[in-house]
Amino acid sequence: MAVGLIAEYNPFHNGHLYQINKIRQMYPEEEIVLILSGNFTERGDVSIIDKWTKTKIAKENNIDLIIELPIIYSIQSADYFAKGSIEILNALKVNKLVFGSELDDIELLTEIAKSQINNNELDKLTKIYGRMGYNYPTSLSNAIYDITGKKVDTPNDLLGISYIKEILKNNYNIKPVLIKRTNDYHNKDINEISSGEAIRKALKDNKEIKSSVPIETYNNLNNLHFIDDYFPLLKYKVLTEKDLSIYHEVNEGIENKIKKEILNSNNYDELINNVKSKRYTYNKIKRILLYILLNITKEESNKLNSWNYVRILGFNEKGKNYLNKVKKDCPLKIISKFERNNSLLSLELRATTIYSLPHNEIELINKEYKNNL
Numbered sequence: 001m002a003v004g005l006i007a008e009y010n011p012f013h014n015g016h017l018y019q020i021n022k023i024r025q026m027y028p029e030e031e032i033v034l035i036l037s038g039n040f041t042e043r044g045d046v047s048i049i050d051k052w053t054k055t056k057i058a059k060e061n062n063i064d065l066i067i068e069l070p071i072i073y074s075i076q077s078a079d080y081f082a083k084g085s086i087e088i089l090n091a092l093k094v095n096k097l098v099f100g101s102e103l104d105d106i107e108l109l110t111e112i113a114k115s116q117i118n119n120n121e122l123d124k125l126t127k128i129y130g131r132m133g134y135n136y137p138t139s140l141s142n143a144i145y146d147i148t149g150k151k152v153d154t155p156n157d158l159l160g161i162s163y164i165k166e167i168l169k170n171n172y173n174i175k176p177v178l179i180k181r182t183n184d185y186h187n188k189d190i191n192e193i194s195s196g197e198a199i200r201k202a203l204k205d206n207k208e209i210k211s212s213v214p215i216e217t218y219n220n221l222n223n224l225h226f227i228d229d230y231f232p233l234l235k236y237k238v239l240t241e242k243d244l245s246i247y248h249e250v251n252e253g254i255e256n257k258i259k260k261e262i263l264n265s266n267n268y269d270e271l272i273n274n275v276k277s278k279r280y281t282y283n284k285i286k287r288i289l290l291y292i293l294l295n296i297t298k299e300e301s302n303k304l305n306s307w308n309y310v311r312i313l314g315f316n317e318k319g320k321n322y323l324n325k326v327k328k329d330c331p332l333k334i335i336s337k338f339e340r341n342n343s344l345l346s347l348e349l350r351a352t353t354i355y356s357l358p359h360n361e362i363e364l365i366n367k368e369y370k371n372n373l
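Note that this note's numbering has the sequence shown beginning at 1, numbered continuously upward.
Right, dumping it as structure tokens:
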């Protein structure tokens, strides 16, 4: 059997390498299967490095098999992100999921995941905090504290609860395993172990980050992508679109606020802060803007809530052998390149095309059609 990882690698840094090395110590004989987000990420952001380069870096750092998380899941909130990722791991017979945790308490995270499935009180309290103006992670954290007396408010642990909940709901044969996170995700300083957010900010500010990333990442920090690169495209889309309410999660008149404030904003951050409210938080607005940018409508999203394939981005010899062992019993078709007449792959192509525009990276579009293994 194999060990599963779920990551965005935005970018791949020393904390990720630490995690992989720990897995190799814990499970030296087992394959590592990575579910990787592509060119856009869970918080409605852009990956600063393209997915093919991220795949190359992952292979160079001892990952055996890299699988693409379909974009319809990779750019949504934690529960949807977890749903797609865990379903793929289960299809590939991966029986362990390793993720970073600030609390390092698997019993507590499992207890909370169970309570989310079976406890109406937790759900009710979360909704109450939401109506008070808190975002979903804070609402959930507050509700958990009210019921358990334990504070769970860090991104890795909250996402880990979503992973465990998905495993329990579907009775998957996957064991969650925690690795203690070694740094404070709030810390914006550049150290040997720094958060992805700190590294992205440093790169945007043209600061040196060599101490925080493996050499394979450092050597690929060219043509970096930042969300503000796409603001002119978004602005054109918003101003020329007759009805923004056709897009995924654009509801309750928020489209009017977006249309009004786009003219008063010079970049993504300004626009989000001009539009956000108690009901529509920063991250939710950022995702909505990404759905508009990528032309993901409500109708398209409803049609793409399931898929029938596992797309390989890369593997080494060990990963190739593992695929050969599990492909016969895999309930999803295993593919390695673009297939025409597949609506979800067409969305991947569209996303890559839009991703490539600021730097005119035609080669990224061409790679969608090729076997890049």
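Even glycine gets a Cβ: it sits at the ideal position worked out from N, Cα and C. None of the values given here were measured: they were computed from a predicted structure.
Expressed to the nearest angstrom, what Euclidean distance is found between the alpha-carbon atoms of residue i and residue j?
| i | j | result |
| --- | --- | --- |
| S212 | D329 | 40 Å |
| I63 | N135 | 34 Å |
| I272 | Y163 | 28 Å |
| K278 | T41 | 23 Å |
| E363 | N21 | 33 Å |
| F338 | L224 | 25 Å |
| I246 | V3 | 40 Å |
| I209 | I190 | 7 Å |
| Y27 | L332 | 26 Å |
| D146 | Y129 | 11 Å |
| L244 | N295 | 10 Å |
| S343 | K51 | 20 Å |
| M132 | K124 | 13 Å |
| N256 | D228 | 22 Å |
Name the residue from the options whose alpha carbon lies nearest to the alpha carbon of residue i.
| i | options | result |
| --- | --- | --- |
| N308 | K298, I335, Y236 | I335 |
| K235 | K259, D243, L332 | K259 |
| G149 | L122, L159, L168 | L122 |
| F12 | K54, S139, R24, V33 | K54 |
| I312 | S306, N305, K320 | K320 |
| K286 | L344, Q76, I190, V98 | Q76 |
| I144 | E111, Y172, T217, A58 | E111 |
| K242 | I292, G38, E8, Y230 | I292 |
| N61 | Y9, L239, H359, P331 | Y9 |
| V94 | K175, E197, A113, I72 | K175 |
| E197 | Y172, N120, I48 | I48 |
| Y280 | G253, K303, T297 | G253 |
| Y73 | L373, Y268, G44 | G44 |
| E361 | N305, N222, L17 | N222 |
Check the C-beta distance from residue i over to residue j and give it rounded, since I have them as a contact under 8 Å.
| i | j | result |
| --- | --- | --- |
| V250 | I288 | 6 Å |
| S139 | T126 | 5 Å |
| I117 | K169 | 6 Å |
| I376 | T240 | In the structure as shown, the chain begins at 1 and stops at 373. Residue 376 is therefore absent and cannot be evaluated. |
Could you name the residues of the same chain whose beta carbon sits closer than 6 Å to that of residue i, not counting the 5 residues immediately before and after it, in chain order?
| i | result |
| --- | --- |
| I35 | I6, I67, L69, S85, I88 |
| A82 | S162, Y163, E166 |
| F315 | L65 |
Who are the Cβ neighbours of residue i in its own chain at under 7 Å, not counting the five residues just before and after it?
| i | result |
| --- | --- |
| I365 | T352, T353, S356 |
| S265 | L271, N274 |
| K204 | F226 |
| K237 | I292, L293 |
| E30 | M1, A2, V3 |
Here's the rule: buried if 16 or more other CB atoms are within 10 angstroms of the residue's CB, otherwise exposed. What is residue i?
| i | result |
| --- | --- |
| Y369 | exposed |
| R200 | buried |
| I215 | exposed |
| L347 | buried |
| D104 | exposed |
| L323 | buried |
Near residue i, which residues of its chain fall below 8 Å by C-beta distance, leaving aside the five closest residues on each side in sequence?
| i | result |
| --- | --- |
| R141 | The residue asked about is misnamed: residue 141 is Ser in this sequence, not Arg. Hits under 8 Å: K151, V152, D153, L158. |
| D79 | S162, K165, E166 |
Is there a C-beta anywhere in chain C that falls below 8 Å from the one on residue i?
| i | result |
| --- | --- |
| K150 | Included in the structure is just one protein chain, with no chain C present. |
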